[in-house]
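**Student:** What follows is a structure written as structure tokens; I'll ask about it next.
Chains as they are written, first to last, in our numbering: chain U, 2 to 180; chain S, 7 to 273.
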């Protein structure tokens with residue numbers, strides 16, 4: 002049984018995991034972080050998207066043992082309970098970017114990754130960025146609106162000029178669970 | 007999933023040793039195909055040897071007339087690599103169109119080549135570019151590497167370390183992705199190595215990637231869309247399934263060859 006040392010939402014973790022345990026089962030089981038969902042378990046739907054070392058991955062298509070030494074961010078680490086919502090979460094709420102909400106944790110994690118790479122994405126870039134995430138309620142239009150609004154809210158300059166350095170800071174804060 | 011032992015190794019020698027001492031081992035690269043395949047019980051290895059932590063398998067560098075790409079370079083890393091964007095932009099573009107962003111953050115060049123899915127994108131690039139697959143044992147020319155459906159020239163336990171791409175004049179890739187999976191229903195990679203040496207590799211249409219002699223002869227005579235129009239693509243032997251008939255795939259080969267040609271940088 003591999004011994005795993007990693008950081009999850011800013012907290013150091015050290016635990017033994019079964020060799021064949023998936024990352025999503027580590028998160029939802031021993032770590033009790035059930036915000037990361039299992040939709041299809043065939044790496045198609047994206048409900049299980051989390052960040053590993055700042056990169057979005059499908060937690061159902063990665064072994065828990067593979068995140069040894071890594072920094073993992075789940076939806077629980079995006080904004081702390083009782084704190085204001087992260088701008089991405091707030092934009093999903095304001096734009097009805099969710100209905101049943103099952104896909105939303107993955108959508109938010111994918112959006113964070115998308116906006117970190119491209120703070121002012123075109124509609125086509127948003128579609129490509131969310132290509133790995135399925136929603137069966139909204140028809141995606143409200144999700145697109147949410148991502149656009151989140152991008153606006155997160156860009157420091159209200160004139161729409163892009164400040165990549167500022168975005169990088171934001172992404173770093175998010176990955177440390179401080180945003 | 008079936009139960010297996012997870013072996014973490016630090017270098018290629020350790021990987022090989024871990025492979026040789028197990029009964030039915032598999033190397034674990036990005037896992038984006040292998041883990042779903044294990045879940046579907048299409049494979050039941052007793053040991054997975056994780057390549058994720060082997061530094062020598064990652065990264066891109068220029069070496070003489072070759073671009074050397076580490077086997078564990080992810081699709082996302084490859085798509086964003088400055089050296090590849092500058093000297094082999096068609097490959098960066100191809101990598102940026104694989105699967106979805108989350109898959110691209112884990113999936114690797116070496117894993118995709120070792121799997122040799124008949125609809126995968128990379129085999130078309132490596133075959134048309136005349137890439138050389140460098141393993142822990144030897145160097146294998148692309149022409150000898152892709153043997154058949156999910157089959158390569160790799161011997162049991164042989165590990166891909168890197169792919170060497172030779173310098174060439176220009177290249178471009180066009181595919182018709184399956185809208186659900188992103189895999190190529192048909193993909194056409196055109197590489198111009200020199201005047202009179204244009205290579206056309208086709209993926210998604212047969213059991214494995216292959217070069218199209220008719221298109222190559224036509225494009226060697228005239229590197230124009232009209233030359234492609236003059237060629238009739240034979241549907242005989244092409245894949246036919248619920249996504250596309252052989253006749254439709256033959257049609258797509260012609261259309262995508264023209265799109266790829268349009269994407270070739272003008273000399």
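The beta carbon of each residue, even a glycine, is placed where N, CA and C say it ideally should be.
If you're wondering where the values come from, they're calculated on a predicted model, not measured in any experiment.
For residue 50 of chain U, which residues in chain S fall below 7 Å Cβ to Cβ?
**Tutor:** Translated into positions along the first chain, residue 50 of chain U becomes position 49. Within 7 Å Cβ-Cβ: 108.
**Student:** Of the choices U:39, U:38, U:37, U:43, whose alpha-carbon is the least far from that of residue 44 of chain S?
**Tutor:** Taking the second chain and counting its residues from 1, one reaches residue 44 of chain S at position 38. Here the closest residue by C-alpha is U:43.
**Student:** Going by DSSP in three states, residue 50 of chain U sits in which element: helix, strand or coil?
**Tutor:** One-based indexing of the first chain puts residue 50 of chain U at position 49. In the structure shown, residue 50 of chain U sits in a strand (DSSP, three-state: E or B).
**Student:** List, in order along the chain, the chain S residues whose C-beta lies closer than 8 Å to that of residue 66 of chain U?
**Tutor:** Along the first chain, one-based indexing puts residue 66 of chain U at 65. Here the neighbours are 12, 14, 56.
**Student:** Quick check: is the beta carbon of residue 264 of chain S nearer than 8 Å to any beta carbon in chain U?
**Tutor:** In the second chain, counting from the first residue as 1, residue 264 of chain S sits at position 258. Cβ-Cβ to chain U under 8 Å: no for residue 264 of chain S.
**Student:** I'd like the list of long-range same chain contacts for residue 57 of chain S, defined as Cβ closer than 7 Å, with 5 residues on each side in sequence excluded.
**Tutor:** Your numbering for residue 57 of chain S matches position 51 in the second chain. Here the set comprises 21, 33, 34, 35, 63, 78.
**Student:** Give me the residue from U:18, U:123, U:11 with the minimum Cα distance to residue 2 of chain U.
**Tutor:** Within the first chain, the letter at position 1 stands for residue 2 of chain U. Of the candidates U:18, U:123, U:11, the one whose C-alpha sits nearest the C-alpha of residue 2 of chain U is U:18.
**Student:** Terminal residues of the continuous beta strand (DSSP E) containing residue 110 of chain U?
**Tutor:** Within the first chain, numbered from 1, the residue matching residue 110 of chain U stands at position 109. That residue, residue 110 of chain U, is in no beta strand (DSSP E); its alpha helix (DSSP H) goes 105 to 118.
**Student:** Going along chain U in order, which residues have a C-beta closer than 8 Å to the C-beta of residue 91 of chain S?
**Tutor:** Indexing the second chain from 1 puts residue 91 of chain S at position 85. Under the 8 Å cutoff, chain U gives no residues; its nearest Cβ is about 15 Å from residue 91 of chain S.
**Student:** Hey, which unbroken runs of the alpha helix (DSSP H) at 4 residues or more fall wholly within the segment 136 to 193 of chain S?
**Tutor:** Here the runs fully enclosed are 148 to 151.
**Student:** Using a cut-off of 7 Å between C-beta atoms, extract the partners of residue 124 of chain U located in chain S.
**Tutor:** Numbered from its first residue, the first chain carries residue 124 of chain U at position 123. By Cβ distance, chain S contributes nothing, its closest Cβ being about 16 Å from residue 124 of chain U, past 7 Å.
**Student:** Should residue 38 of chain S be flagged as near chain U, meaning a C-beta pair shorter than 8 Å?
**Tutor:** Working through the second chain from its first residue, we reach residue 38 of chain S at position 32. Yes, residue 38 of chain S counts as interfacial toward chain U.
**Student:** Locate the beta strand (DSSP E) running through residue 76 of chain S, then write down its first and last residues.
**Tutor:** Here residue 76 of chain S refers to the residue found at position 70 when the second chain is read from its first residue. Start and end: 72 to 76.
**Student:** For the segment 104 to 130 of chain S, list every residue whose C-beta sits within 8 Å of some C-beta in chain U, in sequence order.
**Tutor:** 105, 106, 107, 108, 109, 111, 112
**Student:** Do the CB positions of residue 265 of chain S and residue 180 of chain S come within less than 8 Å of each other?
**Tutor:** Counted from its first residue, the second chain places residue 265 of chain S at position 259. Counted from its first residue, the second chain places residue 180 of chain S at position 174. In contact: residue 265 of chain S and residue 180 of chain S (Cβ atoms closer than 8 Å).
**Student:** Pick from S:41, S:254, S:144, S:125: whose alpha carbon is nearest that of residue 163 of chain S?
**Tutor:** Start at 1 with the first residue of the second chain, and residue 163 of chain S comes out as number 157. The residue with the shortest Cα to Cα distance from residue 163 of chain S is S:144.
**Student:** Alpha carbons only, please: which of U:134, U:101, U:34, U:41 is nearest the one belonging to residue 79 of chain U?
**Tutor:** Position 78 of the first chain, counting from 1, holds the residue named residue 79 of chain U. Selected option, being the one with the closest Cα: U:34.
**Student:** Hey, how far is the Cα of residue 45 of chain U from the Cα of residue 93 of chain S?
**Tutor:** Translated into the one-based positions of the first chain, residue 45 of chain U becomes position 44. Translated into the one-based positions of the second chain, residue 93 of chain S becomes position 87. Each residue's alpha carbon lies about 33 Å from the other.
**Student:** Hey, quick one: how far does the alpha helix (DSSP H) through residue 153 of chain U stretch, first residue to last?
**Tutor:** Against the first chain, residue 153 of chain U aligns to sequence position 152. Residues 142 to 155.
**Student:** Counting only Cβ pairs nearer than 9 Å, list the residues of chain S close to residue 43 of chain U.
**Tutor:** On the first chain, residue 43 of chain U is found 42 positions in, with the first residue counted as 1. Neighbours of residue 43 of chain U on chain S, chain order: 42, 45, 46.
**Student:** When you check each C-beta in the segment 125 to 158 of chain U against every C-beta of chain S, which residues fall closer than 7 Å?
**Tutor:** 130, 132, 133
**Student:** At 7 Å on the CB atoms, spell out the chain S contacts of residue 40 of chain U, in chain order.
**Tutor:** On the first chain, position 39 is the one that residue 40 of chain U refers to. Here the premise fails: no neighbours, minimum Cβ distance about 13 Å.
**Student:** Distance cutoff 8 Å, beta carbons only. Does residue 9 of chain S sit that close to anything in chain B?
**Tutor:** Structure shown: chain B not included; protein chains present are U and S.
**Student:** Within the same chain, show all residues whose beta-carbon is closer than 8 Å to that of residue 26 of chain U, passing over the 5 residues directly before and after it, in chain order.
**Tutor:** As a working note, residue 26 of chain U is residue 25 in the first chain. So the list reads 65, once near-sequence residues are dropped.
**Student:** Determine, using beta carbons only, whether residue 85 of chain S and residue 127 of chain S come nearer to each other than 8 Å.
**Tutor:** For the purposes of this step, residue 85 of chain S is identified with residue 79 of the second chain, where counting begins at 1. For the purposes of this step, residue 127 of chain S is identified with residue 121 of the second chain, where counting begins at 1. Going by C-beta atoms, residue 85 of chain S is not nearer than 8 Å to residue 127 of chain S.
**Student:** Residues of the segment 20 to 33 of chain U with a CB closer than 7 Å to any CB of chain S: list them in chain order, please.
**Tutor:** 20, 21
**Student:** Within the 8 Å Cβ cut-off, does residue 57 of chain U reach chain S?
**Tutor:** Residue mapping note: residue 57 of chain U aligns to position 56 of the first chain, counting from 1. So yes, residue 57 of chain U belongs to the interface.
**Student:** How long is the line joining the alpha carbons of residue 108 of chain U and residue 61 of chain S, rounded to whole angstroms?
**Tutor:** The residue you call residue 108 of chain U lines up with position 107 of the first chain. The residue you call residue 61 of chain S lines up with position 55 of the second chain. Approximately 32 Å between the Cα atoms of the pair.
**Student:** Can you tell which of S:39, S:50, S:46, S:54 has the C-alpha that lies nearest to the C-alpha of residue 15 of chain S?
**Tutor:** For the purposes of this step, residue 15 of chain S is taken as the residue at position 9 of the second chain. It is S:54.
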